[in-house]
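Worksheet for the structure shown next.
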Ligand SMILES: Cc1cc2nc3c(=O)[nH]c(=O)nc-3n(C[C@H](O)[C@H](O)[C@H](O)COP(=O)(O)OP(=O)(O)OC[C@H]3O[C@@H](n4cnc5c(N)ncnc54)[C@H](O)[C@@H]3O)c2cc1C
Ligand SMILES: Nc1ncnc2c1ncn2[C@@H]1O[C@H](COP(=O)(O)O)[C@@H](O)[C@H]1O
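Chains as they are written, first to last, in this note's numbering: chain A, 6 to 322; chain B, -1 to 260.
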């Protein structure tokens, strides 16, 4: 059986949902082992990784220096020398780690994949390119494959016969990196599910005029996260972490609601692969309508309160 | 301060694109310098200005039409332009491209040492963001990526890096490969004088032989990945647009409820 290593992502010590999605995908490719960089995990987290199919949880004890791609890649490499396939969540940082690991091992890499499968003993991946207007299938010809998976593209399902994962400590000889992390200033995480992982994203742009009350309220009602266009983050109306788009966060939720966003190509590139797209915009010619499953030509100040009230009413009734 | 900026020629994001046999085909002159590389050029020019002396090189790797990317960089004010072009490079993956760029960087560095290579954060065609890291490894230089702020002092570069969980300040000795985000600066509007001056500036062209690279080490043959299938995504079906005449919010809610999304 192919050994498939999965790099574990955590937030406040807890394993994130995209990690379980990657483990679910890993089960379809071979035998998953989870790799944990940092202080040893708590027992419940090890148990949860086991539930999703990890036979082992390999721990490499590293501290803040693992924020450096060179260190993280060396640690990951030490824990995965037997793995033909390596899955990780496709984030900016992981793309750097994947690149370094690939140069050390000769692996082929695909990032931003929406899925992967084994075809004649090689990994093939599916992804969208050109602002999500094309579907592409890529075959990794190298003996080793590293795949960066986009959140929300595989449904996380616990294993049918989950075993208990064994904790294995891996010693890594971490070479001194050239770079030094001088300051780490934590960003206070927004409430609720992070943008990239949210099943529903409600975004506001310049058309909000800076008032996010209605956008937040709709996001609340729909159980989603709040996104924004770059014009809105540039204005300082909402923090940069909320920006959706090619240079912000790429999202693929089941539902994306764009409020007062024109739909510039840079924005579309980061949300066009979403399941259902809804747009509310006063300009009937806004490009966002070209990709909206349900478009409302109207003022968000009228449309959103009515929609929120209706959803609440139907739920109550 | 001697800085080399990498600039990529990419298809215009607004234009039609297609794939044939795993490669992107474009029609006519619908390509430009990758927008995000304007931030890289601007970062380099600002550092040179702050230092009060220096040279900025722009380098692109790509087919004949890629020369447009370095010409654009000249118009933005860089001093020298280099275009690496060779039929054997076609189909390279990020590792092949990094090998070629690294060899060209070394060639410039050997003439007179460079302090920095500055790249964009991503090429907007593929958005892989892998090249800057691969280049740092190939060169065996410091890696300072995704900089939204950059300073150079006393033989070291320091960047501020905005990640979802934290803002990091990272420092490393020169020479370094730095990738800058679109937050790093605001590229200025085109300057007529610079555009005119760029017309008479030469572009140096190198082939693989000039860089001492074995053609078999790059190109489609050496690529670790191959595109086996590509197709345009089907347009969304059954799209509905309503114009608000007083009840569009209700209609929107009902649409979401019906689809099980609310
Ligand atoms: C290199 C580069 C990278 C970029 N990356 C990104 C990125 O990652 N993400 C991103 O979002 N942008 C990005 N941009 C910016 C992008 O090009 C657009 O400028 C930006 O997305 C526009 O934001 P907007 O839609 O909020 O504003 P606008 O384009 O000004 O649109 C506002 C919309 O609101 C509508 N409106 C106004 N009032 C109301 C109302 N009361 N009710 C309903 N609708 C209303 C208007 O009709 C209009 O369509 C990038 C740009 C560059 C150059
Ligand atoms: N063929 C190329 N020629 C010059 N620079 C490139 C090339 N490919 C990538 N780059 C640089 O690397 C950055 C990141 O590209 P990528 O890793 O492809 O997303 C770009 O912004 C460019 O600065």
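Virtual Cβ for every residue (Gly too), placed ideally from N, Cα, C.
Residue 167/B at chain A interface by Cβ criterion, 9 Å: yes
Take residue 99/A as the anchor and find which of 76/A, 87/A, 86/A, 89/A has the nearest alpha-carbon. 76/A
Which residue wins for smallest C-alpha separation from residue 182/B, given the options 52/B, 29/B, 44/B, 1/B? 44/B
What number of angstroms, rounded off, separates the C-alpha of residue 26/B from the C-alpha of residue 9/B? Here residue 26/B scores only 49 on pLDDT, less than 50, and its place in the model should not be relied on; the value that follows carries that caveat. Answer to the nearest angstrom: the Cα atoms are 10 Å apart.
Can you have a look at residue 320/A and say buried or exposed, based on whether 16 or more other CB atoms are within 10 angstroms of its CB? exposed
So does the stretch 134 to 154 of chain B actually touch the stretch 199 to 207 of chain B, counting three or more Cβ pairs closer than 8 Å? no
Assigned exposure category for residue 313/A - 16 Cβ within 10 Å defines buried: buried
Quick check on residue 113/B: does DSSP put it in helix, strand or coil? Coil.
Can you tell which of 259/A, 270/A, 283/A, 258/A has its C-alpha closest to the C-alpha of residue 252/B? The shortest CA-to-CA distance from residue 252/B to any of 259/A, 270/A, 283/A, 258/A is the one to 283/A.
CB of residue 33/B to nearest heavy atom of ligand 1: below 8 Å? yes
Can you give me the C-alpha to C-alpha distance between residue 69/B and residue 196/B, rounded to a whole angstrom? 7 Å
Using a Cβ-Cβ cutoff of less than 6 Å, which residues in the same chain neighbour residue 242/A once the five nearest sequence positions on both sides are dropped? 215
Residues near residue 89/B in its chain [Cβ-Cβ closer than 7 Å; skip 5 each side]: Cβ neighbours of residue 89/B beyond the five flanking positions: 21, 217, 218, 221.
In this structure, does DSSP put residue 216/B in helix, strand or coil? DSSP places residue 216/B in coil when its eight states are reduced to three.
According to DSSP, what are the bridge partners of residue 320/A? In the DSSP secondary-structure assignment, residue 320/A is not bridged to any residue.
Got a sec: which bits of the stretch 129 to 143 of chain A sit with their beta carbon under 8 Å from any beta carbon on chain B, in order along the chain? 129, 133, 134, 135, 136, 137, 138, 139, 140, 141, 142, 143
Return the chain-ordered ranges of every beta strand (DSSP E) run that is complete within the stretch 78 to 152 of chain B and spans a minimum of 3 residues. Inside the stretch 78 to 152 of chain B, DSSP marks whole beta strand (DSSP E) runs of 3 or more residues at positions 78 to 82, 114 to 118, 140 to 151, from first to last along the chain.
Residues within the stretch 64 to 96 of chain A neighbouring chain B, beta-carbon criterion of under 8 Å: 72, 73, 74, 75, 96
Could you give the uninterrupted runs of the beta strand (DSSP E) lying entirely in the stretch 204 to 232 of chain A, keeping only those of 3 residues or more? 205 to 209
Within the 9 Å Cβ cut-off, does residue 272/A reach chain B? Against chain B, the CB of residue 272/A has no partner CB under 9 Å away; the residue lies outside that interface.
Taking only beta-carbon positions, decide if residue 88/B is within less than 9 Å of chain A. no
Express the C-alpha separation of residue 100/B and residue 79/B in angstroms, rounding to a whole number. A direct Cα-Cα distance of roughly 16 Å separates residue 79/B from residue 100/B.
Determine, using beta carbons only, whether residue 77/B comes closer than 9 Å to chain A. no
Within the present structure, is the beta-carbon of residue 276/A separated from the nearest heavy atom of ligand 2 by less than 8 Å? No.
Identify whether residue 26/B lies in helix, strand or coil by the three-state DSSP scheme. Per-residue confidence for residue 26/B stands at a pLDDT of 49, beneath the threshold of 50, marking its modelled position as unreliable; the derived number appears in the next sentence. Reduced to three states, the DSSP call for residue 26/B is coil.
Let me know if residue 191/B comes out buried or exposed under the rule of 16 or more other beta-carbons within 10 Å of its beta-carbon. exposed
Straight-line Cα distance separating residue 61/B from residue 309/A: 50 Å
Jot down the residue ranges of each uninterrupted alpha helix (DSSP H) in the stretch 242 to 316 of chain A, minimum 4 residues, whole runs only, in chain order. 270 to 273
Could you work out which residue in 123/B, 179/B, 114/B, 170/B is closest to residue 145/B when comparing CA atoms only? Of the candidates 123/B, 179/B, 114/B, 170/B, the one whose C-alpha sits nearest the C-alpha of residue 145/B is 179/B.
At 3 residues or longer, what runs of the beta strand (DSSP E) sit wholly inside the stretch 188 to 247 of chain B? For the stretch 188 to 247 of chain B, whole beta strand (DSSP E) runs of length 3 or above, ordered along the chain, are 201 to 204, 223 to 230, 238 to 241.
CB contact flag (residue 12/A, residue 40/A, <9 Å): yes
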